Every structure is written in C-alpha cells, then in structure tokens.
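In the numbering used here, the protein residues as written are 819 to 941. Glycine included, every Cβ here is placed at the ideal spot set by N, Cα and C. Note that the coordinates shown come from a computational prediction; the quantities given were computed from them, not determined experimentally. Take a look at the structure below.
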C-alpha cells in the first residue's frame with residue numbers, strides 16, 4: 819500500500835478567542851486539528867504548542883486508532899495545561915507513524931467571520 823501522510827506536521831497559526839462558554843458547544847469559537855490515521859496500526863501523537871512571549875506547553879499526548887479520524891479541538895486540551903485564550907500560538911505534531919493533519923477554525927464572535935480550513939505543513 820502507498821504511504822499516506824507525514825510524521826511531523828506544523829500549524830503556524832492559532833488563536834482561540836475568549837468566547838462565551840455558555841453558548842451551545844458546536845457554536846463556540848475554536849481551533850481544530852483534523853487528524854487522519856490511514857494506517858492499520860494506532861498512531862501515538864505528541865503536540866507541542868508555542869507562543870510569542872512564553873515557554874511552550876506540551877507535549878499533549880493522544881492516541882488515534884488505525885483507519886480513524888479525530889477532530890481535536892485545541893479548546894479541549896487540558897493536560898499538561900489548558901491553552902490561554904486571546905493568545906496567538908503555533909503547534910507541532912509529532913507522530914510515530916505517518917498521519918495527515920488539517921487545520922480548521924470557527925470564529926463565531928461575529929456573523930461576517932466564520933469558518934476557515936487549510937492543510938498544515940507536513941515533513
């Protein structure tokens with residue numbers, strides 16, 4: 819089978835607005851890493867988050883079963899720490915096997931700014 823994906827992915831852009839957390843969960847502004855594991859075996863993924871003016875946070879550790887996808891909201895990351903709101907950040911994903919990562923943002927603060935999605939940089 820042809821190999822699909824990369825072991826290292828970078829999302830250089832990230833920002834979680836300080837949103838009204840009382841909104842319906844599906845309408846809260848968020849950053850999401852859409853992760854695909856096209857392999858038969860489980861992927862072990864570590865995520866490190868970087869900031870302009872403070873030390874990185876991480877690694878956040880996740881496992882993704884083979885031939886599965888996970889739309890991981892950065893808002894929901896809590897171990898080793900919750901990500902700060904209203905703060906620019908970047909992230910690096912390192913996996914033990916090739917995966918695919920796509921970045922998606924929902925900004926629901928205003929009606930004229932909404933959803934964006936782009937493929938991360940893979941190496």
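Contacting residues, own chain, Cβ-Cβ under 6 Å from residue i (five flanking each side not counted)
| i | result |
| --- | --- |
| residue 910 | 828, 866 |
| residue 861 | 855, 882, 913, 915, 917 |
| residue 868 | 874, 908 |
| residue 887 | 854 |
According to DSSP, residues forming a beta bridge with residue i
| i | result |
| --- | --- |
| residue 888 | 853 |
| residue 882 | 861 |
| residue 833 | 906 |
| residue 912 | 826, 864 |
Anticipated Cβ contact below 8 Å, residue i with residue j, distance rounded
| i | j | result |
| --- | --- | --- |
| residue 863 | residue 880 | 5 Å |
| residue 836 | residue 904 | 5 Å |
Per-residue burial, residue i [other beta carbons within 10 Å of its own, 16 or more giving buried]
| i | result |
| --- | --- |
| residue 889 | exposed |
| residue 853 | buried |
| residue 851 | buried |
| residue 884 | exposed |
| residue 923 | buried |
Residue i: first and last residue of the uninterrupted beta strand (DSSP E) it sits in
| i | result |
| --- | --- |
| residue 866 | 861-868 |
| residue 824 | 824-829 |
| residue 858 | Note, residue 858: premise wrong, no beta strand (DSSP E); not H, not E. |
Neighbourhood of residue i by C-beta, 8 Å cutoff - its chain only, sequence neighbours within 5 removed
| i | result |
| --- | --- |
| residue 870 | 906 |
Residue-chain proximity (residue i, chain C), Cβ-Cβ < 8 Å
| i | result |
| --- | --- |
| residue 865 | Absence of chain C from the displayed structure is noted, only one protein chain being present. |
Same chain, Cβ closer than 7 Å to residue i, five either side skipped, listed in chain order
| i | result |
| --- | --- |
| residue 877 | 864, 865, 866 |
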